[in-house]
Structure formats: C-alpha cells, structure tokens
Amino acid sequence: MNTLSSRYRAVLFDLDGTLVDSIPDLASATNAMLNDLGMATLPLAQLSQFVGKGSDMLIKRALANKLIPDEPEETLFSRARQLFKKHYHHDNGTQSQLYPYVVEGLHTLQKAGLLLAVVTNKPEEFTHPLLDKMGITHFFDCIVSGDTCSRKKPFPDPLFYACKKLNISPQEALFIGDSVNDAKAAQAAQMDVLLLPYGYNEGISVQTLKVNAIVEDIRFVAEWISAQNT
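Every number in this note's numbering is 756 more than the matching position in the sequence shown, counting from 1.
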C-alpha cells in the first residue's frame, strides 16, 4: 500500500548524475580510448559535459572534442566504440560512487509502497553491473536501459516502456533526473519531473529549466511527493 501519495504510484530515476556519480569511470575509459587512438586525452571537467546522451554520443563528442560533434568517419567510430567498451567493461563501477542520501531516499520511497524504476540512456551491458556494484539493484521493480527501446531520452519511449512494465499510467509516475534530456523526456510523456542540481547537464545549470521543482538531494523527493497531497 502506498502511504505517501494519493497521486503517484511510482518514481522513475535517471542513473548517471542522478543516483550515481559515474564520471570518473566514464572519463577513465574515454581517455584510455583516446590514448589507444593516439589522440590527446581530455580533462575530467570537459568530459563531464559530454555525458548524458548515451555512450555513443560521449564517444563522438570525445573524438571531436566538442559538444555538438560532426559525424565521425565510420571506421574510426567503430574502432573507438570497440575500445571504449573494452575499457569501460573494466572501469565501470570501480571509481563510481552513490550520491549522498541515495540509499536513504530510495529506502523511504520503497517503504512507503511506491514502485521504483531506473530509466537510463546507459546501455544494458553497463547498467546492470553498475547497479549491482553500487548495491542498489534490489530497490527497483523495473530497469530500462538505453538500448531497451529503439529511441532513448529525450524521447518519451523509455518512460512509456517503464510505465507499461509497472502497469501504471505516465500521470501516476514522477521522474527524477539531472538534465534537460530528463526534463524533455518526462514532459513529452506528460509526466511530472523533479531535477537534482548536482548531476550532468552538459555544463548548463538546471535552474534554467522549467520543471515541477528542483530538489537538493534524493531525501527531499519523499517530502515533495507528500506535500502534493495538501
């Protein structure tokens, strides 16, 4: 029984930049890839702006060293993708950390009877191992990865897929993310959305985005939900 909300039955979470700070591992794998290709490595702060639209876009941005890259030469991209996957399979979860209060926040929501899901642009081969290494897989009733549907966020397809799996309507779900991608996906699905200010939004402050609210950390999600009943 849901004791927290008469409006929401589920809370859907982005992964990278929302639940887990995975930049150190992504940066390590990306720079190892660049090094193997004989290209200059990039600083952590710059690579953090390249995260958020899936690993293929991260690779393209790193190869071009810009946020809006031209399409790379097919042979180069194929080789880079192969190298990135090799390195990230090794690095995934080794330096990543949960953001503060993630476990406490998830526990509160689960205990209140809400269904929980992850909806990420991260490929499935990396999503499940990362959740396992962070010790939070057991919280989630549904996990949707970047290759589960034919289109990733900011398209709403993965959110619709999660709702179907949870047997709820999009209006009965709340989405929690850290980027414009998350906001656009939720809004396209006509789903309420909260953003966290500490994640990866391509170097842009989430304060500029029109969402239901910005909460400081996962602990405040339950408080916000409860306040909607009044």
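Cβ coordinates follow ideal geometry from the N, Cα and C atoms, glycine included. Please read all numbers here as calculations on a predicted model, not as lab measurements.
In terms of residue numbering, what span does the beta strand (DSSP E) encompassing residue i cover?
i, result
"Gly861", "Unbroken run through Gly861 is the alpha helix (DSSP H), Val858 to Lys867; no beta strand (DSSP E)."
"Val900", "Cys898 to Val900"
"Leu793", "Unbroken run through Leu793: none, as it is neither H nor E."
"Leu768", "Ala766 to Phe769"
Residue i by DSSP, collapsed to three states: which one?
i, result
"Leu1017", "Shown here, the chain extends from 757 to 986; a query on residue 1017 therefore has no answer."
"Phe840", "helix"
"Leu798", "coil"
"Ile892", "coil"
"Asp847", "helix"
"Phe931", "strand"
"Ile824", "coil"
"Gly949", "For the record, residue 949 in the displayed sequence is Val; it is not Gly. In this structure, Val949 counts as strand in the three-state DSSP scheme."
"Ile970", "strand"
"Val807", "coil"
"Leu872", "strand"
"Leu965", "coil"
"Leu814", "helix"
"Leu832", "helix"
"Leu886", "helix"
"Leu819", "helix"
"Leu782", "helix"
Return the residue from the list the options that minimises the CA-CA distance to residue i.
i, options, result
"Cys905", "Thr797, Pro879, Lys889 and Asn791", "Pro879"
"Ser784", "Leu950, Thr774 and Leu798", "Leu798"
"Thr876", "Gln984, Ser762, Met757 and Phe769", "Phe769"
"Asp897", "Tyr917, Lys889, Asp847 and Pro910", "Tyr917"
"Ser778", "Val859, Phe882, Ala820 and Arg763", "Phe882"
"Asp903", "Ile974, Arg765 and Lys809", "Lys809"
"Gln984", "Ile924, Asp948, Tyr956 and Val859", "Asp948"
"Leu872", "Asp772, Asn848, Cys919 and Val807", "Cys919"
"Asn791", "Gln802, Pro885 and Ala818", "Ala818"
Could you pull the start and end residues of the alpha helix (DSSP H) that residue i belongs to?
i, result
"Phe916", "Asp913 to Leu922"
"Val977", "Arg975 to Ala983"
"Asp938", "Val936 to Ala944"
Taking residue i and residue j to be in contact with their CB atoms under 8 angstroms, please state how far apart those CB atoms are, rounded to whole angstroms.
i, j, result
"Gln805", "Glu958", "5 angstroms"
"Val767", "Ile932", "6 angstroms"
"Ile892", "Leu775", "7 angstroms"
"Phe840", "Met789", "4 angstroms"
Flag residue i as yes if its beta-carbon sits less than 8 angstroms from any beta-carbon of chain D, otherwise no.
i, result
"Trp980", "The structure shown contains no chain D, having only a single protein chain."
| message | Using 8 angstroms as the cut-off, can you tell me whether the segment 956-973 makes contact with the segment 928-942, which would need three or more C-beta pairs spanning the two stretches below that distance? | response | Using a C-beta cut-off of 8 angstroms, the segment 956-973 makes contact with the segment 928-942, since at least three inter-stretch Cβ pairs fall below that distance.
| field | the segment 814-831 contacting the segment 757-765, beta-carbon criterion three pairs below 8 angstroms | value | no
| Counting pairs of beta carbons, one from the segment 833-849 and one from the segment 863-870, are three or more of them closer than 8 angstroms? | no
| request: Kindly confirm or deny that the segment 941-951 and the segment 965-981 touch, where touching means at least three C-beta pairs closer than 8 angstroms. | output: yes
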